Each structure stands twice: as structure tokens, then as C-alpha cells.
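Shown next, in C-alpha cells, is the structure this report addresses.
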Amino acid sequence: MRAWCRPLLGLAAALLASLALAQEPFEGLPGEGFDHYTLALTWHPGFCASRSRPPRECREPELREGAERGFVLHGLWPSLPERFTARGVDRRRWWREGCFLETPRPAGSFCRAHPPLDLPAALGEALDAAMPGRASCLDRYQYAKHAACLALPEARYFSASVALLERVNASAFAAFVTLNQGGEVGRNALINAFEAAFGEDTGRALRLECRGRGNRLLTEVRIGIDAARLAAFPAAESLVRQDRGRCATRVRIATFD
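Mind the numbering: the sequence shown is residues 2 to 258 in my numbering, read in order.
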């Protein structure tokens, strides 16, 4: 057995109860016209450390509590839809503009330009905990850019997003990252930890995002998920390949002071 596997096996055993809860069935999404989602999860201390002007969710202690439980939600991004491809939109333009191709992005703050999302109270509370950026209306922006033009219902979209986040945070991969916060790990160690948690050869479904000098500060992970198998996540067959990120060979995992 590889040396890096031994602590992960112990972490996996300790997490079995929470993992079972996180893998309870949830309602999927009507992902018509595109083939996969990218689940974008922020490592909140790293994101905050990378910002020269940290937003509210980085400054206020009560909005940083979610980082103690693992990753937090950035977004759930459908891949390029067929109807946009038919109009000559390429993948790069879709990632840059998304649904704003059809409904132009309003000027100014999303907190002013868009009304609050109409979510059930319980889901709203869960999203508050899962997405600290909601304090800056990140939820309104994410929905307007990535989901509004695809007829994805608001409540189902964010309910699925929170459920996917919980499944990652209940995994030995998230435990490995949390265990190493405040230090450095090898980029390959992160990929190996992902494969130890989700299955052999699944590492290409993981994209690591880093910022800072030399791209050494972990800020986000992105996971490719088959749109038709969203509810099966994190089963290995639900994962799809992502492009490689730009992290250095050694990665710093920040923590809040």
C-alpha cells in the first residue's frame, strides 16, 4: 500500500457516517442540451488571501465559519449548450459570458440589479452556510449567468448544488485538504487524495485552481460531472474529464488566522 493512502483510509473510515448521509438521493436537474456540469468549490481562506480587496464574506468572522467545515460553494456551471453551439458560440465565449449572451448583464451591483432569489426558507439557510459569497449576492450572479437561460428552476438548481457540496465535504478528499490547511502539499498528493476518495483514475475529473506568486495558493477545485448522472455523484462513472489547472508542484493550503 502506498504511504499516502494509509492516513486517507483512516479518514475515510471516520467519515463513513457523514458520507452515508451526504449520499442520500436527491432530485436531479433537467440538464437538456449540454453534456456536463462543472462543480466549482472554493477553498475560502485561499480565496480571501488572494484578494487585494477582500469582499464582505472574507472580512466578517461569522461569514467565514463555513470554511471550518471544508469547501464552500462557488457555482454549478453547465457546459456549452447545443443551441448556443448552433449559433456559433464557442466554449471560451460561453464560459466568459454564459446566459448574458441572451440577457445582457445589468450595470452595477447584482445586489441592486437583481431581486433576491425565491427559495424556500430551509434551502435559503442551507445556502447561506454553503455559500459565504451570498453576502455579496454571488447566488444571484451565478444563477443569472449559468442557469437562467437554461430553464433550470432556482430551488432545484441550488438544492442540487448544496447536496453536491455536502458530498464532497463528507469525503476523504476534503478531509485531506482540511487536515493539511496551514501547510503545503504536493499537487500530485491532492490528485491522489481525490482518487483515493472517488476511485482509481478519477483524478482527471479534478481541476485545481491556484493564485498568488507562482500559482501556489489553492483557491478552488473544479469537478466535472456528467449531466445525466448528476444524482449519482460522486460515483466514478458520474465524473468527466476536466482540463488541467495551473497550480505549481507544491500547493499552499491557507487557513484563517
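Glycine included, every Cβ here is placed at the ideal spot set by N, Cα and C.
A quick note: this is a predicted structure, and the numbers were derived from the prediction, not measured.
Kindly list the residues whose CB is nearer than 6 Å to the CB of residue i, restricted to its own chain and excluding five residues on each side of it in sequence; keep chain order.
i      : result
Pro107 : Ala114
Phe195 : Phe174, Gly204 and Leu207
Tyr127 : For clarity, residue 127 is Ala in the given sequence; the question names Tyr instead. Val163, listed in sequence order.
Ala148 : Tyr158
Arg264 : Any question about residue 264 goes unanswered here, given that the chain covers just 2 to 258.
Pro235 : Arg168 and Phe199
Ser172 : Ala198
Asp244 : none
Using the Cβ count rule (16 or more neighbours within 10 Å means buried), how would you classify residue i?
i      : result
Thr43  : buried
Ser110 : exposed
Arg141 : buried
Thr250 : exposed
Gly187 : exposed
Thr104 : exposed
Gly1   : Residue 1 falls outside the range modelled here, since the chain spans only 2 to 258, and no answer is possible.
Ser53  : exposed
Ala198 : buried
Gly269 : The structure shown does not extend to residue 269, since the chain is modelled only from 2 through 258, so no value can be given for it.
Gly99  : buried
Gly89  : exposed
Pro55  : exposed
Ala161 : buried
Ala176 : buried
Asn189 : exposed
Arg247 : exposed
Arg223 : buried
Quick one: what does DSSP say residue i is sitting in, helix, strand or coil?
i      : result
Thr39  : strand
Val266 : With the chain represented from 2 up to 258, any question about residue 266 goes unanswered, as that position is not in the structure.
Gly99  : helix
Glu221 : strand
Leu81  : coil
Val252 : strand
Leu30  : coil
Asp227 : strand
Leu240 : strand
Phe257 : coil
Gly246 : coil
Leu153 : coil
Glu61  : coil
Phe48  : helix
Arg54  : coil
Phe234 : coil
Ser172 : coil
Ala164 : helix
Could you check how far apart the C-beta atoms of residue i and residue j are, in whole angstroms? I think they sit under 8 Å.
i      : j      : result
Glu210 : Gly134 : No, Glu210 and Gly134 are not in contact; Cβ-Cβ is about 15 Å, not under 8 Å.
Leu40  : Leu81  : About 17 Å separates the two Cβ atoms, so there is no contact after all.
Ala145 : Val73  : Not confirmed; about 20 Å, so no contact.
Ala255 : Leu218 : 6 Å
Thr179 : Gly71  : 6 Å
Gly215 : Ser51  : Not really, about 13 Å apart at Cβ, beyond 8 Å.
Less than 8 Å between C-beta atoms, sequence neighbours within five positions excluded: which residues of the same chain meet that for residue i?
i      : result
Phe85  : Trp95 and Leu102
Cys112 : Ser137, Cys138 and Arg141
Leu242 : In the sequence under discussion, the amino acid at residue 242 is Arg, which differs from the Leu named in the question. Result list for Arg242: Arg205, Ala206 and Gly225, in chain order.
Gly34  : Pro82, Glu83, Arg84 and Leu151
Which residues in the same chain as residue i place their Cβ atom closer than 7 Å to its Cβ, once the five residues preceding and following it in sequence are excluded?
i      : result
Glu155 : Leu118, Asp119, Leu120 and Tyr144
Gly184 : Ile254
Arg92  : Leu81
His37  : Ser80, Gly225, Ile226, Asp227, Ala228 and Val241
Considering only heavy atoms of the ligand FAD, does any lie closer than 7 Å to the CB of residue i?
i     : result
Ala87 : No copy of the ligand FAD occurs in the structure displayed, which carries no ligand at all.
Which ranges would you report for the beta strand (DSSP E) in the region 180-217 if only whole runs of at least 3 residues count?
-> You should have 184-187 and 207-212.
Where are the alpha helix (DSSP H) runs, 4 residues long or more, that stay fully inside the region 90-151, in chain order?
-> For secondary structure counted as the alpha helix (DSSP H) over 4 or more consecutive residues, the region 90-151 holds these complete runs in sequence order: 92-98, 111-114, 122-131 and 139-147.
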